[in-house]
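The block underneath contains the structure these notes are about, expressed in structure tokens.
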Amino acid sequence: EVLYRKPANAFVASFVGFENLVPMKVVSRDGATVTAEAAGGARLSFSQDVFGAIKDDFVLATRADGLVARQSGEGIPATLGTRTYLGRAYQYKCVTVAGEITANGALSEPYDPGTSAVLVPVPEQCCILDPEA
């Protein structure tokens, strides 16, 4: 279970289904809150109370259910692509400034391909990894 929830590195993460590996760089710290930036300028805030100590360079690792497509909120700006019905959610292939990302969305709010959205992290479905050398 630990391996599935908290993989040791990006290789293991991708092996156990973390399809989104987003390199991030810390740009500010305010107490336990860290603000980090992905390629292309997308900024996200992380609580060290949730994730533990966060290094200046890290990889945000998520499965599709760790990022939720929404119309607003703090997240990675995206253009939603292909939508797939999964029974419990919709899954979207997304184009972002940080690269292609897969995210889920609520059945109650289906979005058409081409819709602008933000991909909002679900902290309990994400993990912070060291960048690989």
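Residue numbering for the sequence shown follows this note's numbering, beginning at 30 and increasing consecutively. For each residue, glycine too, the CB sits at the ideal point set by N, CA and C. Please read all numbers here as calculations on a predicted model, not as lab measurements.
Exercise. Using the C-alpha atoms, what's the distance from L158 back to G70?
Worked result: 20 Å
Exercise. Excluding five sequence neighbours on each side, which residues of the same chain lie with their C-beta closer than 6 Å to the C-beta of A68?
Worked result: A127
Problem set entry | Cβ distance (whole Å) where A146 is taken to contact R99 below 8 Å | 6 Å
For this session: State yes or no: is the C-beta of G60 within less than 8 Å of the C-beta of L109?
Result: Cβ distance not < 8 Å, so G60 and L109 don't count as in contact.
For this session: Buried or exposed for L96, please, with buried defined as at least 16 other CB atoms from any protein chain shown within 10 angstroms of its CB.
Result: buried
For this session: Indicate whether the contact test is met: 3 or more Cβ pairs, each with one atom in the region 79-88 and one in the region 116-126, closer than 8 Å.
Result: no
For this session: Please report how far the alpha carbon of Y140 lies from the alpha carbon of A107, in whole angstroms.
Result: 12 Å
Exercise. Secondary structure at Q100, three-state DSSP: helix, strand or coil?
Worked result: coil
Exercise. Who are the Cβ neighbours of T113 in its own chain at under 6 Å, not counting the five residues just before and after it?
Worked result: Q120
For this session: Answer yes or no: do S74 and T62 have a C-beta to C-beta separation smaller than 8 Å?
Result: Yes, Cβ-Cβ distance for S74 and T62 is below 8 Å.
Problem set entry | Short Cβ contact (8 Å threshold) for P52 with P160 | yes
For this session: Could you say which of G46, E30, V88 and R34 lies nearest to V55 if we only look at CA atoms?
Result: V88
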